[in-house]
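Heads up: the sequence shown at position 93 corresponds to 124 in our numbering, and the numbers run straight through without jumps.
We put the CB at the ideal spot given by N, CA and C, even for glycine.
Everything below concerns the one structure shown next.
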Amino acid sequence: MNIGKLLTKSARTFPKNLAMAYGSRELTYAEFNVRVNRLANGLRRLGVQQGDNVAVLMYNCPEMLEAMFACFKAGCGTIPINFRLHPREFAFIINHSEARVAIISSEFNEAIIDIRNDLKQVSHIITLSEARSPLLDYEGVLSGEVDQFEDADVAPDDVAWLFYTSGTTGQPKGAMLTHRNLLGMTMNFYADMCPGFGPNDVALHAAPLSHGSGCYALPNIGKAAANVILEAKSFAPEQVLKTIEAYRVTNMFAAPTMIKLLVDSPAIDRYDHSSLKALNYGGAPMLVDDLIQAMEKLGPCLVQLYGQAESPMTITYLSHDDHRLHGDPDQMKRLGSAGIPRTNVEMKIVGADDNELPPGEIGEIVTRSDLVMKGYWRDPEATAETLRNGWLHTGDMGYIDESGYLFLMDRSKDLIISGGENVYPREIEEVIVQHPVVREVAVIGVPDPVWGESIKAVVSLVPERTVTEAELIDFCTNHIARYKRPKSIDFVEELPKNNYGKILKRELRTKYWEGKASQVI
Ligand code: AMP
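Here you go:
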């Protein structure tokens, strides 16, 4: 099925349902579908054929979902680009994906005009407002078109979304997500993340639509639920809470750092967030101490997901039921896990030679399902390496317990090898964050003349509180093996994060490894 049909069908059956709310603007499903159809017709008129790619560079807004669905319906690949990237990176993604058209919001007009000459394969650039040559006006493209569009007849393995990886390592790669993959992701949302989801539900998009929140727009649209999109360009806890109360929001996706911002905000007690049924978090580790605080403040709505661009949003989940504040010791231990494989997903742990490891042994997480990408766009070598032996090799390390719960350790590249001992930063981070004055922490390996690498914690503190390096190291000694204690601690105001809330360990490491070629960063 063409994934765009999620919208076609919802608009037919629930034309009057609220599809999009954005500031004072609201669109019903009938209106939203007509705008998407007009855009799909407009793209055809500009010469875009089935199988072509279209880049989308926008801050969150309804037009971003219009553009994505117009591409789906037209049988084109959509490439939603992370708006926080540098214009050089916009150019890299647009050129690498061979996009024929780019659709941008007006904030990017100047940046795109500046790099226009480098975008050799792009025939047209459409902007949301203030169009001036060489840009086309979005509303102008829509206005000359008819309301109907016949959804392209696609094969299940045709590319629907080129999901450029968030680039915490090296150049971003374009994971080719097919109509089959996106449908599998959508169906799984209904099965595991939000059972009982339907047309009365309301989703809030507070995270970038180019990533997780955009993925979750698909199941929302498939059930004619409302999509409330925040106008803010960054995560503003009070506005999020106010919107949850105003729209009686039932589900949203948030990175762990966003949940922490919500929980730490004094506004959390001023607004009614009891309508939230599923607060889906993931994309980066959530430390247990932070999770417990979130459960105390937000109630029984948290669901964890573990996935990646290459298996969109969907490898394992820690269900509602697994989020227990007062469980038995096994249940409490599972709060530190990423849960069990999704209903329609296989997952196992393998050693270096791809042999399956027994429970308790740490290895690489591999997965196989209808959700696994077709490959990396124009990168057969990386595809062959990642999709070895029929399984997606995630690059994440972890182990499963006897009941099948996955405990994620770290990306293999984040592993610290100190004096021949493997040290997983997450274990140390879980301890340090328990210290009452620590707000955030990242543990990395830094060069050490004797041990190869030594353990450093980079810490930001709760405002107006202090702790010394020696005190924090002592605190660790009381909780973990001596060889795992950080040898040094640096205090910073803020840890560097990407747009999706992931701590940029590569950026942190660079400072210490400059000129030391041995470390891969
Ligand atoms: P991306 O492709 O940008 O979505 O990044 C995916 C990566 O984020 C995964 O390979 C993991 O390293 C990390 N990740 C995703 N979900 C979780 C989670 N629940 N806990 C810890 N790390 C996660």
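heavy atom of the ligand AMP below 7 Å from Arg442 C-beta: Residue mapping note: residue 442 aligns to position 411 of the sequence shown, counting from 1. Relative to the ligand AMP, the beta carbon of Arg442 is positioned inside 7 Å of a heavy atom.
The segment 299-307 touching the segment 328-344, judged by at least three CB pairs closer than 8 Å: The segment 299-307 is in contact with the segment 328-344.
Buried versus exposed, by CB contacts within 10 Å (16 or more), Asp575: With the chain covering only 32 through 552, there is no way to say anything about residue 575.
Ile448 burial status per 10 Å Cβ neighbour count (16 or more: buried): Reading the sequence shown from its first residue, position 417 is the one you call residue 448. Exposed: under 16 other Cβ atoms inside 10 Å.
Whole-angstrom distance between Ser41 and Thr59, CA atom to CA atom: The count along the sequence shown starts at 1 and reaches residue 59 at position 28. The count along the sequence shown starts at 1 and reaches residue 41 at position 10. Taking the straight line joining both Cα atoms gives about 10 Å.
The segment 435-443 / the segment 412-419 touching (three or more Cβ pairs under 8 Å): Flag = no, the segment 435-443 and the segment 412-419 do not touch.
Span separating the alpha-carbon of Lys151 from that of Ala130: Working through the sequence shown from its first residue, we reach residue 151 at position 120. Working through the sequence shown from its first residue, we reach residue 130 at position 99. Between Lys151 and Ala130, the C-alpha separation is close to 10 Å.
Tyr514, buried or exposed, once every other Cβ within 10 Å from all chains shown has been counted against 16: Walking along the sequence shown from the start, residue 514 turns up at place 483. Exposed, by the Cβ-count rule.
Cut-off 7 Å between Cβ atoms - residues of its own chain near Ile552, not counting five sequence neighbours on either side: As a position in the sequence shown, residue 552 is number 521, starting the count at 1. Per-residue confidence for Ile552 stands at a pLDDT of 33, beneath the threshold of 50, marking its modelled position as unreliable; no derived number is given.
Boundaries (first-last residue) of the alpha helix (DSSP H) holding Glu176: The residue given as residue 176 occupies position 145 in the sequence shown. For Glu176, there is no enclosing alpha helix (DSSP H), as DSSP marks it with neither H nor E.
Within 8 Å, strictly: CB atoms of Val477 and His510: Residue 477 sits at position 446 when you count from the first residue of the sequence shown. Residue 510 sits at position 479 when you count from the first residue of the sequence shown. Contact flag unset, no.
heavy atom of the ligand AMP below 7 Å from Thr499 C-beta: On the sequence shown, position 468 is the one that residue 499 refers to. No, the Cβ of Thr499 stays beyond 7 Å of every heavy atom of the ligand AMP.
Near the ligand AMP: Gln335 beta-carbon under 7 Å from a heavy atom: If you number the sequence shown from 1, residue 335 lands on position 304. Result yes, Cβ under 7 Å from the ligand AMP.
Nearest residue (CA-CA) to Asp295, options Trp482, Met99 and Asp320: As a working note, residue 295 is residue 264 in the sequence shown. Of Trp482, Met99 and Asp320, the residue nearest in Cα terms is Asp320.
Whole alpha helix (DSSP H) elements within the segment 430-508, 4-residue minimum: Listed in chain order, they are 456-463 and 500-508.
6 Å CB neighbourhood of Phe114 in its chain, flanking five on each side removed: Counting from 1 along the sequence shown, the entry for residue 114 is found at position 83. If the five residues before and after Phe114 are omitted, its C-beta is found closer than 6 Å to the C-beta atoms of Tyr90, all from its own chain and listed in chain order.
Separation of Ala488 from Glu452, as counted between CA atoms: As a first step, residue 452 must be located in the sequence shown, where it is residue number 421. As a first step, residue 488 must be located in the sequence shown, where it is residue number 457. A straight line joining the alpha-carbon of Glu452 with that of Ala488 spans about 17 Å.
Through-space distance from Val523 to His242, alpha-carbon basis: Numbered from 1 along the sequence shown, position 211 holds the residue referred to as residue 242. Numbered from 1 along the sequence shown, position 492 holds the residue referred to as residue 523. The alpha-carbon of His242 is positioned some 28 Å away from that of Val523.
Element boundaries [beta strand (DSSP E), containing Trp192]: Position 161 of the sequence shown, counted from the first residue, corresponds to residue 192. Annotation for Trp192: the continuous beta strand (DSSP E) segment containing it runs Val190 to Tyr195.
Sequence-distant residues of its chain with Cβ nearer than 8 Å to Val177 (five each side left out): If you number the sequence shown from 1, residue 177 lands on position 146. Shown here for Val177: same chain residues with a beta carbon closer than 8 Å to its own, the five before and five after excluded, namely Asn68, Arg69 and Asn72 in chain order.
Boundaries (first-last residue) of the alpha helix (DSSP H) holding Ser41: Position 10 of the sequence shown holds residue 41. DSSP places Ser41 inside the alpha helix (DSSP H), whose first and last residues are Lys36 to Thr44.
Beta-carbon proximity check, Ile534 vs Pro517, cutoff 8 Å: Walking along the sequence shown from the start, residue 534 turns up at place 503. Walking along the sequence shown from the start, residue 517 turns up at place 486. By the CB criterion at 8 Å, Ile534 and Pro517 fall outside the cutoff.
Neighbourhood of Lys47 by C-beta, 8 Å cutoff - its chain only, sequence neighbours within 5 removed: Numbered from 1 along the sequence shown, position 16 holds the residue referred to as residue 47. Around Lys47, the same chain offers Thr59, Tyr60 and Ala61 as residues with beta carbons nearer than 8 Å, after the five sequence neighbours per side are excluded.
Near the ligand AMP: Tyr53 beta-carbon under 7 Å from a heavy atom: In the sequence shown, counting from the first residue as 1, residue 53 sits at position 22. Not under cutoff, so the answer is no.
Cβ contact (3+ pairs, closer than 8 Å) linking the segment 203-213 and the segment 399-411: A contact exists between the segment 203-213 and the segment 399-411.
DSSP state of Phe335 mapped onto helix, strand, coil: Position 304 of the sequence shown holds residue 335. Here residue 335 turns out to be Gln, not Phe, going by the sequence shown. It is a strand residue.
Beta-carbon proximity check, Ile393 vs Met428, cutoff 8 Å: As a working mapping, residue 393 is identified with position 362 in the sequence shown. As a working mapping, residue 428 is identified with position 397 in the sequence shown. Yes; because the gap between Cβ atoms is below 8 Å, this pair is in contact.
At least 3 beta-carbon pairs within less than 8 Å: the segment 166-174 vs the segment 373-385: They do not touch, by the three-pair rule.
Phe284, DSSP secondary structure in three states: As a working note, residue 284 is residue 253 in the sequence shown. The answer is strand: DSSP assigns Phe284 an E or B state.
Presumed contact (8 Å Cβ cut-off) between Glu460 and Val481, rounded CB distance: Position 429 of the sequence shown, counted from the start, is the residue given in the question as residue 460. Position 450 of the sequence shown, counted from the start, is the residue given in the question as residue 481. With a contact defined as Cβ atoms closer than 8 Å, Glu460 and Val481 miss out at about 24 Å.
Contact set for Gln362: own chain, Cβ-Cβ below 8 Å, skip 5 residues either direction: Start at 1 with the first residue of the sequence shown, and residue 362 comes out as number 331. Asp353 and Arg355.
Heavy atom of the ligand AMP within 7 Å of Gly391 beta-carbon: Taking the first residue of the sequence shown as position 1, residue 391 is located at position 360. Distance from the C-beta of Gly391 to the nearest heavy atom of the ligand AMP is not below 7 Å.
Exposure label - Lys254; buried when at least 16 CB within 10 Å: Here the question's residue 254 lines up with position 223 in the sequence shown. By the neighbour-count rule (16 or more Cβ atoms within 10 Å), Lys254 is buried.
Burial state of Ala548, where buried means 16 or more other Cβ atoms lie within 10 Å: To locate residue 548, count along the sequence shown from 1; it is residue 517. Low confidence applies here, because Ala548 scores a pLDDT of 46, under 50, leaving its location unreliable; read the following figure in that light. Looking at its Cβ environment, which holds fewer than 16 other Cβ atoms inside 10 Å, Ala548 is exposed.
Residues that DSSP places opposite Pro85 in a beta bridge: For this step, residue 85 is matched to residue 54 along the sequence shown. Note that residue 85 corresponds to Val in the displayed sequence, not to Pro. Bridge partners of Val85: Thr109 and Val132.
Buried versus exposed, by CB contacts within 10 Å (16 or more), Arg365: On the sequence shown, position 334 is the one that residue 365 refers to. Classification for Arg365: buried.
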